[in-house]
Structure formats: structure tokens, C-alpha cells
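To start, the structure under review is shown below, and the notes come after it.
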Amino acid sequence: MFVLPWLIGLAVFQLGPMIASLALSFTRYDLISSPVWAGTDNYARLAQDPKVARAIGNTVFYTVLHVPLAIVLALALALMLDRIGGRGAGVFRTIFYLPSMTPYVAVGVLFLFLLNGQAGMVNQFLALFGVEGPQWTTDPDWILPGIVLMSLWNLGSTTIILFAALRNVPAELSEAAMIDGAGSWARFLRITLPMISPALFFVLIINTIASLQMFDQVYAMFFGNQVTQQSSGDAALFYVVYLFQQAFQFLHMGYASALAWVLFLVIALITFVQWRVGGRLVHYEGGERA
Numbered sequence: 188m189f190v191l192p193w194l195i196g197l198a199v200f201q202l203g204p205m206i207a208s209l210a211l212s213f214t215r216y217d218l219i220s221s222p223v224w225a226g227t228d229n230y231a232r233l234a235q236d237p238k239v240a241r242a243i244g245n246t247v248f249y250t251v252l253h254v255p256l257a258i259v260l261a262l263a264l265a266l267m268l269d270r271i272g273g274r275g276a277g278v279f280r281t282i283f284y285l286p287s288m289t290p291y292v293a294v295g296v297l298f299l300f301l302l303n304g305q306a307g308m309v310n311q312f313l314a315l316f317g318v319e320g321p322q323w324t325t326d327p328d329w330i331l332p333g334i335v336l337m338s339l340w341n342l343g344s345t346t347i348i349l350f351a352a353l354r355n356v357p358a359e360l361s362e363a364a365m366i367d368g369a370g371s372w373a374r375f376l377r378i379t380l381p382m383i384s385p386a387l388f389f390v391l392i393i394n395t396i397a398s399l400q401m402f403d404q405v406y407a408m409f410f411g412n413q414v415t416q417q418s419s420g421d422a423a424l425f426y427v428v429y430l431f432q433q434a435f436q437f438l439h440m441g442y443a444s445a446l447a448w449v450l451f452l453v454i455a456l457i458t459f460v461q462w463r464v465g466g467r468l469v470h471y472e473g474g475e476r477a
């Protein structure tokens, strides 16, 4: 009885719409007229749509760059917090987490100004070192790296998770290794990394899923007005952005539903592969394996 309200919400707001979208993916539906059965036409169209291929390429490129960089930088920040310790760690922990509280649309608009090729603060900072910054928001070759740079603003959640994992590493293990002559780098590789590997594995999966669903910041930056949309072209076209356009801009709800289900299956497959491969590298104190 206590869980029943949650189960009702799950059925009405998640499972129900998912089943409905699966049914719509086999229809032609424009939100105005009644759905018309189309069989697998939407999936066949998806396989031949050049914009889908471009959106997948952009999304994969972003994911491959963002996920490793985000985890490495978050781990560096977590190590810094762990070294500070005490009340100072609490202050910096709050500071690092504050960007996670900022609305994604506001972040996208903010970085649209920061990455401006002429007057943006990023290029002004590079100019201090004699480096001419690129046109982050208009040059197709630099749009995706600029989006990756923007995404590194929000590392608060990953940092806090890794910091909590570091705090749970038994201090006596590191002390014993230090007595045996192990240096700081050896202790980090042989003790710290294995002990926090479950947390690293968790943030790897979560960040991968979030990267494949990238939408808010990109849409706010490059598709919120005609000027940036025309200047960026398809260089900033992510998979979920294209899905959104098909559903709510062109009213191709059946085709958008097919796009959504393909994304769902791809994420499920990638997560399964990560679980099977990465789970063998994760160290659990009780000896269990993922």
C-alpha cells in the first residue's frame, strides 16, 4: 500500500507513454488527425535519413570526448577535496555542486556569450597568452569541441559521488603501502583506483547515458533563435534535438517515436556492454562481481 502511489505514477506517467510511443512508431501521426498505420515505414525512413546519420555522428563524437574528460576532471576535483579535508572540503564541495543547480537553458545562453568568437571571455582569456581563439559558435569544426567545453561546467554530481567513494577508502591500506615504500602514484593506482572502481563504473554509465541524451544546452545555444541555427547548420544537430524537431516542430510524431525507441535500444545495448565488460574490472570488497 505504501508503494502503490509510486506504482500508479510509474504506470501512468512512464510505462503508459512508453507503450503508447511504441505503438505510434508504427504509424503516421501529426497530433491533429488520427494515427494511420504505416508498419515499419518509419524505421526504414530512419535508416535512410542523412540527418539521422549526422545527428548520431555528432552525439557519438560528443560522448567520446565528454565522458572521459568529465570523469578525469571530476576525479581530480574529488582528490583535491579529499586532500583538503575538514570544513574547507565542505565549502568547496558546495561550490563545485552549485553549477548543477543552474538551469540547463540558462547555462546554454551563458556559454553562447562566453564562447562568442569576437567578444567572448574564453577567447579574451586565450588572447592573454597570445592565442587567437576560434569561432566556437559559428565554425563547424569548433562547435562540438565548444559544446564539450561547455558541458564540463557541470561536474558537481560526479565530483560528489567520487569524493564520497574516496572518503570510504580505508586509510590503513594506504598507510601500510607507504610503510612498504610505495610512492603516492603507486598507492593511487594499486589502492585508491581499485577501491573506488564501483563509483567510477557507476559515473561512467550515468555520464554515457546523459551524453547520448544531450539536449537542453545545445538547443538553447544553437536552435533557440534563427541566427545561431543558421550559422551552426547541422554541426550542432544532436540526436535528441532532431527527435524534438520531428515531434514538435514538424509534427511527425510517429517518426519521432521511432527515433526515441531506437535511442532507447542503443542506450540499453551500450549499458549492457559496459556492464559485461566493465563489471569484470570493478573491485568489490566482498569479492562480488557485477
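The numbering used here applies: residue 188 is where the sequence shown begins, and numbers increase by one.
All C-beta atoms, glycine included, are put in the ideal place defined by N, C-alpha and C.
As the structure is a prediction and not an experimental result, all values here were calculated from the model.
Below 8 angstroms on the Cβ atoms is my contact criterion, and I expect L331 with L256 to pass it. Report the Cβ-Cβ distance as a whole number of Å.
Actually they do not touch by this definition, with Cβ atoms about 13 angstroms apart.
If you scan the segment 298-323 from start to end, which runs of the alpha helix (DSSP H) of 4 or more residues do you find wholly inside it?
Runs found: 308-314.
Considering only C-alpha positions, which residue in the set A443, Q461, R270 is nearest to L218?
Nearest of A443, Q461, R270 to L218, Cα basis: A443.
Roughly how many angstroms lie between the CA atoms of P381 and F388, to the nearest whole one?
Whole-angstrom Cα-Cα distance: 11 angstroms.
Can you give the beta carbon distance from F279 to L268, rounded, assuming they're within the 8 angstroms contact cut?
Contact flag correct, Cβ pair sits at about 6 angstroms.
What is the rounded straight-line gap between the Cα of P385 and the Cα of Y471?
If I take the Cα positions, the gap works out to 7 angstroms.
Can you name the start and end residues of the alpha helix (DSSP H) that A198 belongs to?
Segment: none, A198 is in no alpha helix (DSSP H) and carries neither H nor E.
Figure out for me which residue from R354, N355, R374 has the closest Cα to the Cα of A363.
Of R354, N355, R374, the residue nearest in Cα terms is R374.
Select from L430, A434, T345, S398 the residue whose C-alpha is nearest the C-alpha of V390.
With distances taken between Cα atoms, V390 lies closest to T345.
For the segment 225-232 against the segment 431-448, are there 3 or more C-beta pairs whose distance is under 8 angstroms?
These segments touch.
Would I396 and T325 be called neighbours here (beta carbons separated by less than 8 angstroms)?
Going by C-beta atoms, I396 is not nearer than 8 angstroms to T325.
For Q436, count neighbouring Cβ atoms within 10 angstroms of its own Cβ and tell me buried if that reaches 16, exposed if not.
The residue in question, Q436, is exposed, as its Cβ has fewer than 16 Cβ neighbours within 10 Å.
Our contact map puts V254 next to I334 with C-beta atoms below 8 angstroms; I'd like the distance itself, whole angstroms only.
Contact doesn't hold; Cβ gap of about 13 angstroms is too wide.
For W224, which three-state DSSP category applies?
Strand, per DSSP.
With distance defined between alpha-carbon atoms, name the residue in V259, N303, M308 nearest to L349.
That would be V259, whose Cα lies nearest to the Cα of L349.
Can you give me the start and stop residues for the alpha helix (DSSP H) that G370 sits inside?
Premise fails: G370 is in no alpha helix (DSSP H) and is neither H nor E.
Classify M178: buried if its beta carbon has 16 or more other beta carbons within 10 angstroms, exposed otherwise.
The question about residue 178 has no answer, for the chain in this structure spans 188 to 477.
Indicate the three-state DSSP secondary structure (helix, strand or coil) for T214 in the structure shown.
In this structure, T214 counts as strand in the three-state DSSP scheme.
Among Q432, Q400, L360, F298, which one has its Cα closest to the Cα of L452?
Comparing Cα positions, the closest option is Q400.
8 angstroms is my cut-off, CB to CB: does L424 come that close to chain B?
Given the protein chain composition of this structure (a single chain), no chain B is represented.
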